[in-house]
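Peer 1:
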Amino acid sequence: MIKYLLIAFIVIAQLLGYVLLFFNITWAIISFVIEAILIIWLIALFIKDKRKEKEEDDENDYSNY
Numbered sequence: 007m008i009k010y011l012l013i014a015f016i017v018i019a020q021l022l023g024y025v026l027l028f029f030n031i032t033w034a035i036i037s038f039v040i041e042a043i044l045i046i047w048l049i050a051l052f053i054k055d056k057r058k059e060k061e062e063d064d065e066n067d068y069s070n071y
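Structure (structure tokens):
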């Protein structure tokens with residue numbers, strides 16, 4: 007659920023950054039920095055989930071039977 011919210015906020019920050027480029031460059035840069043932070047956070051969540059999934063697969067590996 008949090009991944010979907012992060013993706014939505016990333017899209018909003020991206021669009022807001024482009025709009026703000028026409029009005030205030032400082033706020034546009036802040037918007038793009040926030041977007042970068044959210045992308046890093048999203049990637050970290052994907053890595054965490056993948057590691058958890060791999061651990062579960064290793065625990066449930068019955069290939070030696």
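Numbered by my numbering, the letters in the sequence shown go through residues 7 to 71 in order.
Don't be surprised by glycine CBs; every beta carbon is placed ideally from N, CA and C.
Computed from a prediction, not measured in an experiment: that's the story for all the values here.
Just how far apart, CA to CA, sit I36 and E65?
Peer 2: Taking the first residue of the sequence shown as 1, we reach residue 36 at position 30. Taking the first residue of the sequence shown as 1, we reach residue 65 at position 59. Rounded to whole angstroms, I36 to E65 spans 44 Å at the Cα level.
Peer 1: Mapping DSSP to helix, strand and coil, what is F15?
Peer 2: Position 9 of the sequence shown holds residue 15. Residue state, collapsed to three classes: helix.
Peer 1: Three or more C-beta pairs closer than 8 Å, one from the segment 54-64 and one from the segment 22-34: is that the case here?
Peer 2: No, the segment 54-64 does not touch the segment 22-34.
Peer 1: Quick check on DSSP: helix, strand or coil for D67?
Peer 2: Translated into the one-based positions of the sequence shown, residue 67 becomes position 61. Residue state, collapsed to three classes: coil.
Peer 1: So L83 and I16 are supposed to be a Cβ contact under 8 Å. How far apart are they, rounded?
Peer 2: In this structure the chain extends from 7 to 71, so residue 83 is not present and cannot be described.
Peer 1: Quick check on DSSP: helix, strand or coil for L21?
Peer 2: As a first step, residue 21 is located in the sequence shown; it is residue number 15 there, counting from the start. L21: helix per DSSP, three-state reduction.
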